[in-house]
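Let me begin by presenting the structure, written as structure tokens, before commenting on it.
Protein chains in written order, with the numbering used here: chain A, 3 to 174; chain B, 122 to 647.
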């Protein structure tokens, strides 16, 4: 039989990461505090790609790698817009994605926030005023925060999310 | 591509037959050959090329290429080291070759959307990159169409919605997935027809991310198009920029310094390592084995950080330019790269051992999602996906560019064609690329990293081996600006393999098989 006490006393089996980024840890702690205060301990994000070059998706995915591991700060990426507080949008909005993008936004419960990540999502970037795109994310729904970059780094994205938390706190 | 003109022409003539005079075969700037063909000889010639086991690796349209005709269709055939481009002129209607060469089907649909070319006898006449909200008769790549916002159709009649193939029968039901998926992933639609748990048929629909890359490049000065090439697909930034620059350098006669090619090759291989590591981590996440996945995810993050150290960008953006590189990489940074490569190899081997000695991993990986070797040439499947199915295809070996003729990789194809083979092929390629970087660092020449590009009109084709396979790029510069930029990434062709790999598999294996093929949506949708 397993003794509960011996489990507690055992040395942990996970390795410590080789590198600790102090900046990331600090931003993470700040985000954690804001999420606890504003969102009641957890923040659910739904990612929506409306026409990116996939670099921004990769950086958002990287937030889950062991270096950042942002779930420990209270942020989870969820599988459905119906479970989300925040919609993170990447890429200029293409005509072929506009319909699906609107449906995704409408499927989210209120209150909801939208963050545009990357230059193309912010204002259409190099694709602005061309035949295939509508423009930035704000062409299809209201945008609360823009995180520019080609693509923004994981740290830029985290800094942006912290700014969003502060903004959300004020709108309460 | 063949470098010696006379032997190259002889190789081409061996393919096209003695009826075509050798004088009609003209060499291009980058080792490819062009042959202008009349309508009567086109049919028999294509049949003969297909019988000679030539692969149709590209087919695209361009306007005003010859004075006698409005449109020219360029059929790019590959046979071993020979690349032959048939130039077929048309006023707007052409016969389809898709029944003979299946890879032509998507190419023809692409030409139809872009230029309004009708293909007689095509087995699939549905739209490709223009979804149903685009107005009827709108063909963005026509020179008469300006690249400006268009009035889209506000409502689409249900009868005009995209007709998926209907699969009916007792117990068959449909599972529609996408375009918005559950994970942090690009958009695309998958229509599964399932019996019980088994997938009977999968039909994919792409191009949700069509951003008009090719049109965007037109009319721009050649150097302005480099960052457009970088935006084709984020994780193929260096590969697509190199393919484009290579084409421009060849047709303008710009010589690239040796040091620039050494550094470019290091960046290309770093990009391959990063991409393969991401796939391997993703495949392990998809079978719920985070212990293994994180071994690779950590090294991958280190690669991104190394990229940033060397180039200032985690995706190595803004580095490749026409004529070389935008800046040199300092000696100390290269030394740091050398140290990283040695450590990464050791850590990678540890991770690999953990993964490949775990029975639950092998149980999910083999024999899942098999791609048969017989599909490779008809669909032009390339890259690790082909090398895991017994294909000996690698642009770095068959058509070496830059210095790849001096540091030839040794592809070690596997033959099972399943997820495990693709995982293992990628593992050996990561180790090969690490070795290659070390060799390049050891023999790094000094000197400039850029020559001023020559300004000159011309056209040519360039092939580059990206992490995903063969990327094809054709550039035509006219009056000092880009007249046509055609890019076809490996994903465009490889996507069509997934429909075959899924047959008889179960729906929960789809994410795993999809990840093992690592297909770029952005690079396909353009």
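Even glycine gets a Cβ: it sits at the ideal position worked out from N, Cα and C.
Taking DSSP as the reference, what is the three-state secondary structure of residue i?
i             : result
residue 162/A : helix
residue 123/B : Residue placement at residue 123/B is poorly supported in this model, since its pLDDT is 45, which falls under 50; the coordinates still yield a value, given next. Three-state result, residue 123/B: coil.
residue 123/A : helix
residue 391/B : helix
residue 155/B : strand
residue 42/A  : coil
residue 156/A : helix
residue 169/A : helix
residue 641/B : coil
residue 407/B : helix
residue 397/B : helix
residue 311/B : strand
residue 576/B : coil
residue 162/B : helix
residue 316/B : strand
residue 628/B : helix
residue 297/B : strand
Considering only the alpha carbon of each residue, which of the options lies closest to residue i?
i             : options                       : result
residue 289/B : 314/B, 520/B and 299/B        : 314/B
residue 271/B : 584/B, 317/B, 259/B and 590/B : 259/B
residue 50/A  : 99/A, 37/A and 41/A           : 99/A
residue 334/B : 580/B, 350/B and 589/B        : 350/B
residue 296/B : 319/B, 283/B and 330/B        : 319/B
residue 326/B : 198/B, 186/B, 347/B and 301/B : 301/B
residue 392/B : 171/B, 599/B and 586/B        : 586/B
residue 613/B : 644/B, 386/B, 154/B and 417/B : 644/B
residue 624/B : 148/B, 321/B and 329/B        : 321/B
residue 264/B : 254/B, 246/B and 237/B        : 237/B
residue 352/B : 43/A, 141/A, 121/A and 85/A   : 121/A
residue 214/B : 222/B, 203/B, 206/B and 229/B : 229/B
residue 138/A : 37/A, 54/A, 87/A and 30/A     : 54/A
residue 81/A  : 292/B, 305/B and 182/B        : 305/B
residue 542/B : 634/B, 611/B and 414/B        : 634/B
Would you please state the rounded distance, in angstroms, between the beta carbons of residue i and residue j? I believe it to be under 8 Å.
i             : j             : result
residue 488/B : residue 537/B : 6 Å
residue 648/B : residue 532/B : No information on residue 648/B is available, as it lies outside the stretch 122 to 647 that chain B covers here.
residue 25/A  : residue 157/A : 6 Å
residue 176/A : residue 75/A  : No information on residue 176/A is available, as it lies outside the stretch 3 to 174 that chain A covers here.
residue 119/A : residue 62/A  : 7 Å
residue 549/B : residue 56/A  : Going by Cβ atoms, the distance from residue 549/B to residue 56/A rounds to 25 Å, so no, they are not a contact pair.
residue 446/B : residue 362/B : Between residue 362/B and residue 446/B the Cβ distance is about 10 Å, and since that is not below 8 Å, they are no contact.
residue 491/B : residue 622/B : 6 Å
residue 172/B : residue 137/B : Actually they do not touch by this definition, with Cβ atoms about 12 Å apart.
residue 224/B : residue 501/B : 4 Å
residue 151/B : residue 474/B : At roughly 42 Å, the Cβ-Cβ gap does not stay under 8 Å, so residue 151/B and residue 474/B are not in contact.
residue 155/B : residue 208/B : 6 Å
Taking the CB atoms as reference points, tell me whether residue i and residue j lie closer together than 8 Å.
i             : j             : result
residue 497/B : residue 562/B : no
residue 109/A : residue 52/A  : no
residue 577/B : residue 374/B : yes
residue 603/B : residue 411/B : no
residue 159/A : residue 65/A  : yes
residue 357/B : residue 592/B : yes
residue 268/B : residue 180/B : no
residue 174/B : residue 200/B : yes
residue 581/B : residue 596/B : yes
residue 534/B : residue 508/B : yes
residue 147/A : residue 166/A : yes
residue 417/B : residue 402/B : yes
residue 441/B : residue 366/B : yes
residue 398/B : residue 476/B : no
residue 408/B : residue 469/B : no
residue 330/B : residue 161/A : no
residue 608/B : residue 647/B : yes
residue 153/A : residue 436/B : yes
residue 292/B : residue 203/B : no
residue 383/B : residue 566/B : yes
residue 249/B : residue 234/B : yes
residue 278/B : residue 639/B : no
residue 472/B : residue 413/B : yes
residue 368/B : residue 389/B : no
Scan the segment 180-210 of chain B and note each continuous alpha helix (DSSP H) run of 4 residues or more that stays entirely inside, going in chain order. For the segment 180-210 of chain B, not one full-length alpha helix (DSSP H) segment reaches 4 residues or more.
As an exercise, report each continuous alpha helix (DSSP H) stretch of at least 4 residues that is fully enclosed by the segment 475-559 of chain B, in chain order. 480-486, 497-500, 505-508 and 516-519
Segments assigned beta strand (DSSP E), at least 3 residues, entirely inside the segment 589-625 of chain B: 590-599 and 602-609
Inside the segment 29-112 of chain A only - beta strand (DSSP E) runs reaching at least 3 residues: 45-53, 77-79 and 88-93
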